[in-house]
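Here the structure comes first, spelled out in structure tokens, and everything after it is commentary.
There are 2 protein chains.
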Amino acid sequence: MPSISRDVLSDQVEEHLLQAILDGRYPPGSRIVETRVARDLGVSQAPVREALRDLEALGVVEITSFRGASVRRPDKTELLEAYGVRAELEVLAARLALSRISDEALHELQVLIDEMRMSAATGDRHAEALVDVRFHARLVAATGNGTLERVWRYLLPVARTYITLAAPGVDAVAAADLHRPILDALQMRDPELAAASIRRHFQAAGAAFEATFTQGFSMAATGAAASGGSAIDRVPGPGPAMEPMTDLIAVDNPGP
Amino acid sequence: MPSISRDVLSDQVEEHLLQAILDGRYPPGSRIVETRVARDLGVSQAPVREALRDLEALGVVEITSFRGASVRRPDKTELLEAYGVRAELEVLAARLALSRISDEALHELQVLIDEMRMSAATGDRHAEALVDVRFHARLVAATGNGTLERVWRYLLPVARTYITLAAPGVDAVAAADLHRPILDALQMRDPELAAASIRRHFQAAGAAFEATFTQGFSMAATGAAASGGSAIDRVPGPGPAMEPMTDLIAVDNPGP
DNA sequence: GGACCAATGATTATCGATTATCGTGAGCGC
DNA sequence: GCGCTCACGATAATCGATAATCATTGGTCC
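Residue numbers (the numbering used here), protein chains in the order written: chain U, 1 to 256; chain R, 1 to 256.
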């Protein structure tokens with residue numbers, strides 16, 4: 001079941017580029033040249049161009065007129081901001097969902113928490129991050145508010161691309177358990193408690209991220225990068241190339 | 001001062017199409033054919049295509065693979081949802097802005113309210129709607145939170161395209177005065193009061209919109225449309241064409 | 001030696017034409 | 001008549017090539 005309509009070249013190109021970016025083959029800040037990608041993939045310039053525009057909308061690349069696209073450098077401030085906004089959106093989601101959420105939806109959330117704990121227990125932080133996204137997406141979907149979901153998804157790539165969960169210093173099991181109070185509050189239909197739980201969750205995540213960033217990233221930012229992947233295009237601009245983000249990242253399809 | 005870089009054909013096409021849609025020359029639901037627009041404007045298909053993709057990201061048109069673009073029909077539920085989300089985003093904005101907003105920013109807000117009242121007094125609801133957008137934009141900008149601003153702008157076209165202010169039954173002056181409590185709360189640095197004021201503001205706006213919609217739109221939806229503008233392309237699909245939205249709409253540049 | 005300026009190379013933006021896909025309606029078998 | 005198949009027209013998706021634009025480099029003038 002390859003989604004729907006797996007033709008449309010531009011979508012395939014988009015997926016390829018996204019994968020390449022998240023794998024670190026395009027480090028943050030590096031340029032992506034339309035014609036070169038087109039040649040490498042054996043397609044025309046047009047689909048590459050469209051793919052890049054979509055990626056820009058997703059927030060992973062930046063496009064300037066007549067100067068092309070480059071991988072957006074993850075800005076610490078912006079990511080923390082995104083956490084704050086996401087937190088409030090999910091607080092709203094919880095409030096809206098409270099009055100209409102079904103028992104089976106609550107059960108689904110429970111199952112997702114269990115999955116998270118299992119992934120955490122086996123040390124698979126990548127899988128845990130994926131399930132984490134699904135948990136929050138399920139909560140937002142439970143509101144039945146399409147607009148809220150759209151806005152939330154719009155913010156997701158920024159708040160998700162560089163996941164905190166993979167940070168070495170974070171207790172993965174504890175992170176998974178951080179979701180339990182949210183579910184409890186939902187089951188008790190207590191809006192204030194739910195809001196508080198969600199805010200606490202994001203505060204913890206933000207703090208963890210901050211630690212990761214200043215710790216693991218400042219090193220890379222000072223030029224000690226020792227990339228293992230085959231770097232296609234090194235950034236020539238000011239400042240040395242950053243380390244690829246492999247294993248720091250949760251990849252999933254933002255598809256329709 | 002024509003913004004920056006008034007070349008880039010696709011931007012011009014986008015602006016043209018947006019204007020045409022908001023003017024009602026493309027009624028909701030009508031199709032927009034790439035090749036025809038290209039021929040009419042004397043450009044190639046490529047810039048039209050890109051413009052349509054951007055308009056899709058703005059939420060103004062809908063694109064389906066191999067079937068083209070059509071103007072999104074304004075869905076009452078979705079618009080009310082958008083109001084709810086926008087309200088919470090602005091509540092967050094107020095909270096964030098409280099601790100750092102400058103006196104001159106507060107003064108600017110005051111001036112904007114005055115402008116709104118003047119427009120309302122002279123009966124220029126269109127101008128009032130424009131200033132209204134600027135007021136809220138100024139509030140969000142005062143947070144210094146770029147991410148919040150980005151998300152807010154993302155939601156803006158949906159929540160703005162069909163403005164309530166132009167509704168005949170609404171007291172325009174009262175609508176302008178609805179902003180005063182927000183400013184008062186900001187000046188008093190009272191977060192709770194600000195939140196309450198903003199929520200009340202959007203509840204009133206939503207109620208006014210709902211009245212407008214069921215009143216002025218259901219008629220159009222039943223086929224009693226008596227369009228005045230020159231309709232370029234009538235929707236042939238199921239259901240009759242809706243009335244163009246002229247004068248129901250606030251137009252401004254969503255620029256960069 | 002430093003600042004301005006023109007030529008150049010690289011890359012995007014746009015074009016015109018071709019191909020792939022979808023919806024539809026005519027024709028055909030039942 | 002009714003359902004199915006298959007051309008056909010319309011249109012988006014893609015292509016290959018050209019024009020427009022930008023950053024840079026090398027040279028010239030002060």
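The beta-carbon is built from N, C-alpha and C at its ideal position, and this holds for glycine as well.
query                                                                                                                                                                            : result
Can you tell me whether residue 125(U) is buried or exposed? The criterion is at least 16 other CB atoms within 10 Å of its CB, across all chains shown.                         : buried
For residue 91(U), collect the residues of the same chain with a Cβ closer than 6 Å to its Cβ; drop the 5 residues on either side in sequence, then sort them by chain order.    : 195 and 198
Residues of chain R with a CB under 7 Å from the CB of residue 146(U): which are they?                                                                                           : 78 and 81
For residue 186(U), tell me which candidate among 154(U), 114(U), 110(U) and 156(U) has the shortest Cα-Cα distance.                                                             : 110(U)
Listing by chain order, which chain R residues have their CB less than 8 Å from the CB of residue 57(U)?                                                                         : 57
How would you list, in chain order, the residues of chain U whose beta-carbon sits under 8 Å from the beta-carbon of residue 92(R)?                                              : 84, 85 and 88
If you measure beta-carbon to beta-carbon, which residues of the region 180 to 195 of chain U are closer than 8 Å to chain R?                                                    : none
Measure the C-alpha to C-alpha separation of residue 54(U) and residue 150(U) and round it to an integer number of angstroms.                                                    : 15 Å
How many whole angstroms separate the CB atoms of residue 51(R) and residue 17(R), which I take to be in contact at a CB cut-off of 8 Å?                                         : 6 Å
In its own chain, which residues sit with a C-beta less than 7 Å from the C-beta of residue 204(R), not counting the 5 before and 5 after it?                                    : 178
Measuring alpha carbon to alpha carbon, tell me which of 35(R), 116(R), 78(R) and 27(R) ends up nearest residue 206(R).                                                          : 78(R)
Evaluate residue 116(U) with the Cβ neighbour count: other Cβ atoms within 10 Å of its Cβ, from every protein chain shown; 16 or more gives buried, anything less gives exposed. : buried
Hey, how far is the Cα of residue 119(R) from the Cα of residue 127(R)?                                                                                                          : 6 Å
So, is the C-beta of residue 70(U) closer than 8 Å to a C-beta in chain R?                                                                                                       : no
Examine chain U for any beta-carbon lying closer than 8 Å to the beta-carbon of residue 14(R), and answer yes or no.                                                             : no
With 8 Å set as the bound, which would you pick, yes or no: does the beta-carbon of residue 164(U) sit closer than that to a beta-carbon of chain R?                             : Only weak support exists for where residue 164(U) lies, its pLDDT of 47 falling under 50; the value from the coordinates is given anyway. Output row for residue 164(U): interface = no.
Looking only at DSSP bridge pairs, what is residue 31(U) linked to?                                                                                                              : 70(U)
For a quick check, are the C-beta atoms of residue 27(U) and residue 71(U) less than 8 Å apart?                                                                                  : yes
Given residue 12(R), which residues of its chain have a CB within under 7 Å of its CB, disregarding the five upstream and five downstream residues?                              : none
Under a CB-based cut-off of 8 Å, is residue 65(U) close to chain R?                                                                                                              : yes
Leaving out five residues before and five after residue 68(U) in sequence, what residues of the same chain have Cβ atoms less than 8 Å from its Cβ?                              : 31, 32, 33 and 34
When you compare the CB of residue 151(U) with every CB in chain R, is at least one pair closer than 8 Å?                                                                        : yes
Please state whether DSSP places residue 182(U) in a helix, a strand or coil.                                                                                                    : helix
Indicate whether at least one CB of chain R lies closer than 8 Å to the CB of residue 154(U).                                                                                    : yes
What does the Cβ neighbour count give for residue 132(R), buried or exposed, with the cut at 16 atoms within 10 Å?                                                               : buried
Using 8 Å for Cβ pairs, my map puts residue 147(R) next to residue 85(U). What's the rounded Cβ distance?                                                                        : 6 Å
Does any residue of chain R have a CB that is nearer than 8 Å to the CB of residue 53(U)?                                                                                        : yes
Straight-line CA distance for residue 66(U) to residue 7(R)?                                                                                                                     : 11 Å
Residue 112(R) and residue 153(R) - do their beta-carbons sit closer together than 8 Å?                                                                                          : no
Applying the 10 Å Cβ sphere with the 16-neighbour rule, what's the burial state of residue 123(R)?                                                                               : exposed
Along chain R, in chain order, which residues have C-beta atoms closer than 7 Å to that of residue 104(U)?                                                                       : Here the premise fails: no neighbours, minimum Cβ distance about 23 Å.
Within 10 angstroms of its Cβ, does residue 82(R) collect 16 or more other Cβ (buried), or is it exposed?                                                                        : buried
Start and end of the alpha helix (DSSP H) containing residue 113(U)?                                                                                                             : 103 to 121
Going by beta-carbon coordinates alone, are residue 189(R) and residue 106(R) separated by less than 8 Å?                                                                        : no
Whole angstroms are fine: how far does the CA of residue 182(U) sit from the CA of residue 74(R)?                                                                                : 34 Å
Run through DSSP, which three-state label would residue 61(U) get?                                                                                                               : strand
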